[in-house]
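Q:
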Amino acid sequence: MLLPRLLVASAAIAARISAAPVDPPQDSSEEPCAKVAGYVKDSKSDEIPAQVAHDCLKSVPVDKEGDEKLIDQLKTAWQWQSDLGYLKNAPDDWELGKLDADADLDKIKEKLSEYESEYDVQLAIQDITIKSGNFHWTWTPDILQVFAFERAVGIASISEDGKSPPKIYTSVDASKLAKGDKEGVSEIEQVNGEDVHLFLQKVASFNTFQDCDGRMNEVFYHGDTSSRGSFRQQKRFDGGSTELKFANGKIDKQDNTAATSQDWAGVKDGKSFFDTFCKGDLAKFANLDDFEKMGDTKPVPGGGNATRRGLSPYSVSSRAGPSDSLMKRAKLPGTYGSKAIVYENSGSLAGYFLEGDGYDNVAVLKIINFSPNDATGVEYQEALTEFLAKCVEGKKDKLIIDLRENTGGFTHLYMETFMQLFPGKVPYSAQNYRLTKPFEAIGGVADQIHSEEELKKEFEKLLPIHFDRDYRFWAFWRFKEAKNYDDWKSWDDFDGPMEVNGDKFTSPMRYDYSNKDFISIQRSETFAFSETEGEPPFKPENIVMLTDGLCGSSCACLHEDLKNLAGIKAIAIGGTTKEEPMQAVMGSKGGEVVPVYVSYTTSMVMTTAARNLKIKDAKNLEKALEGDKSIAHLLTRAGEDSTRIQMQNQLRAGDDSGTPLQYIYEAADCKIFYTAETYKFPDKAWKSVWDAFKDDFKDRCVKGSTGHKSSISGGFKPHGWVKGQLEKGGDKQGDESDK
Numbered sequence: 001m002l003l004p005r006l007l008v009a010s011a012a013i014a015a016r017i018s019a020a021p022v023d024p025p026q027d028s029s030e031e032p033c034a035k036v037a038g039y040v041k042d043s044k045s046d047e048i049p050a051q052v053a054h055d056c057l058k059s060v061p062v063d064k065e066g067d068e069k070l071i072d073q074l075k076t077a078w079q080w081q082s083d084l085g086y087l088k089n090a091p092d093d094w095e096l097g098k099l100d101a102d103a104d105l106d107k108i109k110e111k112l113s114e115y116e117s118e119y120d121v122q123l124a125i126q127d128i129t130i131k132s133g134n135f136h137w138t139w140t141p142d143i144l145q146v147f148a149f150e151r152a153v154g155i156a157s158i159s160e161d162g163k164s165p166p167k168i169y170t171s172v173d174a175s176k177l178a179k180g181d182k183e184g185v186s187e188i189e190q191v192n193g194e195d196v197h198l199f200l201q202k203v204a205s206f207n208t209f210q211d212c213d214g215r216m217n218e219v220f221y222h223g224d225t226s227s228r229g230s231f232r233q234q235k236r237f238d239g240g241s242t243e244l245k246f247a248n249g250k251i252d253k254q255d256n257t258a259a260t261s262q263d264w265a266g267v268k269d270g271k272s273f274f275d276t277f278c279k280g281d282l283a284k285f286a287n288l289d290d291f292e293k294m295g296d297t298k299p300v301p302g303g304g305n306a307t308r309r310g311l312s313p314y315s316v317s318s319r320a321g322p323s324d325s326l327m328k329r330a331k332l333p334g335t336y337g338s339k340a341i342v343y344e345n346s347g348s349l350a351g352y353f354l355e356g357d358g359y360d361n362v363a364v365l366k367i368i369n370f371s372p373n374d375a376t377g378v379e380y381q382e383a384l385t386e387f388l389a390k391c392v393e394g395k396k397d398k399l400i401i402d403l404r405e406n407t408g409g410f411t412h413l414y415m416e417t418f419m420q421l422f423p424g425k426v427p428y429s430a431q432n433y434r435l436t437k438p439f440e441a442i443g444g445v446a447d448q449i450h451s452e453e454e455l456k457k458e459f460e461k462l463l464p465i466h467f468d469r470d471y472r473f474w475a476f477w478r479f480k481e482a483k484n485y486d487d488w489k490s491w492d493d494f495d496g497p498m499e500v501n502g503d504k505f506t507s508p509m510r511y512d513y514s515n516k517d518f519i520s521i522q523r524s525e526t527f528a529f530s531e532t533e534g535e536p537p538f539k540p541e542n543i544v545m546l547t548d549g550l551c552g553s554s555c556a557c558l559h560e561d562l563k564n565l566a567g568i569k570a571i572a573i574g575g576t577t578k579e580e581p582m583q584a585v586m587g588s589k590g591g592e593v594v595p596v597y598v599s600y601t602t603s604m605v606m607t608t609a610a611r612n613l614k615i616k617d618a619k620n621l622e623k624a625l626e627g628d629k630s631i632a633h634l635l636t637r638a639g640e641d642s643t644r645i646q647m648q649n650q651l652r653a654g655d656d657s658g659t660p661l662q663y664i665y666e667a668a669d670c671k672i673f674y675t676a677e678t679y680k681f682p683d684k685a686w687k688s689v690w691d692a693f694k695d696d697f698k699d700r701c702v703k704g705s706t707g708h709k710s711s712i713s714g715g716f717k718p719h720g721w722v723k724g725q726l727e728k729g730g731d732k733q734g735d736e737s738d739k
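For the sequence shown, position 150 matches number 150 in UniProt numbering, and the numbering has no gaps at all.
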């Protein structure tokens with residue numbers, strides 16, 4: 001049972017509000033925002049005392065009238081979040097509990113007069129998305145973008161042997177231990193006068209992951225990649241200073257700092273802060289005026305070939321994950337490249353061969369993200385192809401797939417990875433949408449436009465967009481029925497509805513994997529999936545995944561297909577000190593993500609087209625989209641990239657219940673802790689993983705972490721291979737014999 005963990009998580013969220021560190025009062029003779037402006041003027045914008053920055057934020061008055069409007073508009077925009085309704089009745093083993101976002105927004109609205117500052121109001125709204133446990137769903141408005149808070153030190157969780165409960169050290173001390181230097185090194189016992197583990201639970205509660213182990217791993221410094229973790233790079237203000245008390249009696253206290261990249265000219269107090277940063281200049285949605293004037297739209301010269309940024313309903317790529325501006329994706333540092341046999345130029349992927357007795361036939365594929373600098377993915381593809389070829393040439397027949405810190409990226413690159421590992425097979429990657437009245441109304445009109453070729457031509461002549469590409473969520477003809485990979489016969493078939501857990505969804509669909517269609521998965525026309533055949537470079541039983549629970553989005557999709565289709569096991573590392581199972585994936589398990597403005601732009605474009613083209617359902621469409629066309633105030637606070645929503649749920653092959661993957665608990669086959677050496681040196685970590693895997697998870701795993709029924713070694717039965725189109729020249733289907 002996971003209910004005790006639910007209580008711990010709830011307690012941590014409540015405690016972080018009531019037990020924030022209290023620092024001595026600051027000199028109040030000068031407005032705190034004026035102090036910040038002084039630091040910026042003196043070119044010390046990255047040396048601002050955290051307490052001063054926080055006092056400035058707390059001095060910003062509540063915009064009661066604006067916030068009432070904002071909350072109403074958020075309730076409209078958030079209806080597009082694919083698991084919004086599912087969260088109201090989340091399963092009992094969902095650690096974070098049930099969440100009624102609409103009701104929580106109403107409570108904030110009712111108590112607006114009780115909040116001390118605008119900063120507090122926006123934090124309360126942000127807490128709703130954090131409690132969802134889904135990092136695809138974000139709320140980071142203007143006022144929360146102004147400062148970045150930081151401590152001077154990172155921390156690490158280190159076990160003596162990889163199985164015994166770990167102790168907490170500074171990241172510097174952990175690195176010293178890894179090199180055999182114990183002089184002056186001591187574990188941390190307290191932070192700001194509180195037990196270190198209890199304090200870290202509160203820090204972790206600001207991290208948007210679905211389970212406590214993932215939230216905790218996000219707290220820690222990563223010794224191999226130097227990712228700083230949220231203890232050091234704070235998700236929000238967490239006190240003006242940090243005092244560490246060590247087991248050897250030493251006490252170290254350092255001030256926390258804040259940094260800002262904004263222009264503070266004219267800011268002298270909380271009111272001028274709001275006027276400068278919270279009225280659309282900081283988080284401005286580009287081309288808002290263009291949309292508000294769309295009622296007078298006239299044909300655009302060149303039609304669909306004259307696309308102007310902003311008039312497309314959503315000019316976003318097919319990333320199944322948050323934008324880099326919201327979640328800084330980890331990249332492999334240069335030290336990782338020094339011993340790599342293959343290294344993708346931007347540090348997304350690297351390949352290694354282990355050395356030493358018992359490891360000579362073991363290769364490592366390290367994928368830290370699916371977001372290479374080359375957005376086409378061609379460089380990633382070439383690096384992967386080269387690595388697997390070298391594995392075959394070098395007679396390496398064992399593989400570790402290291403997915404630590406991988407929070408996702410481009411959908412087609414996870415698919416390419418799977419296809420190269422298993423030639424002739426395709427990923428599953430089934431999704432559905434939340435079926436709301438606006439979504440259904442747009443789909444009905446899109447179907448009508450698609451069905452009449454002349455109408456479609458007039459649409460693209462009227463507006464500077466590509467219809468199939470920019471309305472692809474409704475372009476059912478670009479996708480496949482999930483179970484049998486058949487073409488959809490009609491919008492009505494695609495539309496469903498499918499009723500699950502008190503909410504309605506579209507029918508499950510899958511992407512078109514053929515190299516003929518570049519719109520279904522939104523990939524560059526310069527990228528074609530590998531059409532390899534023959535034996536896979538590694539047998540599934542000789543592959544193991546390594547995760548730290550931070551895996552999510554496209555990474556979660558890869559994990560799902562490796563586990564449920566290929567039957568590959570996983571080892572999880574780190575997390576809390578508890579001796580119990582740990583999930584392999586605790587990031588978002590949802591599908592594609594779009595900026596919050598999509599509901600607005602999609603609605604404005606479609607209603608304008610329907611009205612001008614005299615489509616028969618134009619009036620009904622106007623009525624259904626009335627709310628989504630009226631969220632302009634929200635866009636001035638949230639802007640283009642600072643707030644996003646998840647459009648799709650991901651579904652499991654062989655599960656006809658329609659349960660989103662997000663709500664399926666999945667323990668790894670084994671949990672291990674970091675030792676000082678495995679924390680610092682990647683090859684040591686990989687060898688410890690291989691030792692646990694080849695030992696069949698008997699003696700090298702944390703006590704109580706093995707044998708959970710949701711893990712393969714605990715009895716989970718993978719579905720096996722699925723049907724799908726593979727080749728440019730034809731339809732190569734799988735069948736029952738492929739399973």
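We treat Cβ as the ideally placed atom computed from N, Cα and C, and that holds for glycine.
Note that the structure is predicted; figures quoted are calculated from it, not measured.
1. Count the other CB atoms within 10 Å of the CB of K539; is the residue buried (16 or more) or exposed (fewer)?
2. Would you mind stating whether F370 and L399 have Cβ atoms separated by less than 9 Å?
3. From G552 to E416, what distance separates their C-alpha atoms?
4. Quick one: what's got a C-beta closer than 8 Å to H559's C-beta in the same chain, skipping five residues either side?
5. Below 8 Å on the Cβ atoms is my guess for I143 versus I108; work out the distance and round it to an integer in Å.
6. If you check the beta carbons only, do H719 and R652 fall under 9 Å apart?
7. Contact between the stretch 440-448 and the stretch 464-476: three or more CB pairs below 8 Å?
8. Quick one: residues in its chain with C-beta nearer than 7 Å to the C-beta of G654, no 5 flanking neighbours on either side, listed in chain order?
9. Whose CA, out of K331, K366, K504, lies closest to the CA of A340?
10. Would H136 and S429 qualify as a contact pair, given that the criterion is a beta-carbon distance under 9 Å?
11. Counting only beta-carbon separations shorter than 9 Å, does K629 have a partner in chain B?
12. Can you tell me which residues form a DSSP beta bridge with Q81?
13. Got a sec? Which residues, its chain only, sit under 6 Å from P165 by beta carbon, not counting five neighbours each side?
14. Short of 6 Å in beta carbon distance, which residues of its chain neighbour Y39, apart from the five on each side in sequence? Order them along the chain.
15. Count the other C-beta atoms from every protein chain shown that fall within 10 angstroms of the C-beta of G302, then say buried if there are 16 or more, exposed otherwise.
16. Leaving aside the five residues before and after T675 along the sequence, list all residues of the same chain whose C-beta is less than 8 Å from its C-beta, in chain order.
17. Classify T678: buried if its beta carbon has 16 or more other beta carbons within 10 angstroms, exposed otherwise.
18. Could you tell me the boundaries of the beta strand (DSSP E) in which F57 lies?
19. Flag R232 as yes when its Cβ comes closer than 8 Å to any non-hydrogen atom of the ligand NAD, and as no otherwise.
20. Please report the straight-line C-alpha distance between G240 and T276, rounded to a whole angstrom.
21. If you measure between the beta carbons of P581 and S705, is that distance less than 9 Å?
22. Would the beta-carbon of G627 fall within 9 Å of that of P438?
23. Give the range of the alpha helix (DSSP H) segment to which Y600 is assigned.
24. Excluding five sequence neighbours on each side, which residues of the same chain lie with their C-beta closer than 8 Å to the C-beta of I615?
25. Report yes or no: do three or more beta-carbon pairs, one from the stretch 86-93 and one from the stretch 111-118, lie closer than 8 Å?
26. Take the Cβ of S490 as the centre, count every other Cβ of all protein chains shown within 10 Å, and call the residue buried at 16 or more, exposed below.
27. Alpha carbon to alpha carbon, how far is S603 from K461? Give it in angstroms, no decimals.
28. With DSSP as the reference, label T411 as helix, strand or coil.
29. Residues in its own chain within less than 8 Å of Y221 by CB, not counting five upstream and five downstream?
30. Does the beta-carbon distance from L562 to F418 come in below 9 Å?
31. With a threshold of 16 other CB atoms inside 10 Å of the CB of A152, please say whether the residue is buried or exposed.
32. Tell me where the beta strand (DSSP E) around A570 begins and ends.
33. Which residue's Cα is closest to the Cα of P660: A668, A34, E666, N649?
34. Can you check which of these residues, V362, V267, I712, S43, is closest to A259 by C-alpha distance?
35. Is it buried or exposed for K235, if we count other Cβ within 10 angstroms and need 16 for buried?
36. Starting from S451, trace the alpha helix (DSSP H) in both directions and tell me its first and last residue.
A: The relevant details are as follows:
1. exposed
2. no
3. 17 Å
4. L403, M545, T547, C551, A570, A584, V585
5. At roughly 15 Å, the Cβ-Cβ gap does not stay under 8 Å, so I143 and I108 are not in contact.
6. yes
7. yes
8. H719
9. K366
10. no
11. Looking for chain B here will not work: only one protein chain is present.
12. In the DSSP output, where bridge partners are listed per residue, Q81 has none listed.
13. T577
14. I48
15. Note that G302 scores 36 on pLDDT, short of 50, meaning its location in the model is unreliable; the coordinates nonetheless yield the value given after this. Classification of G302: exposed, given that the 10 Å Cβ count is below 16.
16. I158, S159, E160, D161, G162, K684, S688
17. buried
18. Reading off the sequence shown, one finds Leu at residue 57, where the question assumed Phe. From DSSP, L57 is part of no beta strand (DSSP E) but of the alpha helix (DSSP H) over 50-58.
19. In the structure on display, the ligand NAD does not appear, and there are no ligands present to speak of.
20. 25 Å
21. yes
22. yes
23. 598-612
24. V445, Q448, I449, L455, A609, L621
25. no
26. exposed
27. 18 Å
28. helix
29. G154, I155, A156, S171, A174, S227, R228, G229, F231, R232
30. yes
31. exposed
32. 569-573
33. N649
34. S43
35. buried
36. 437-451
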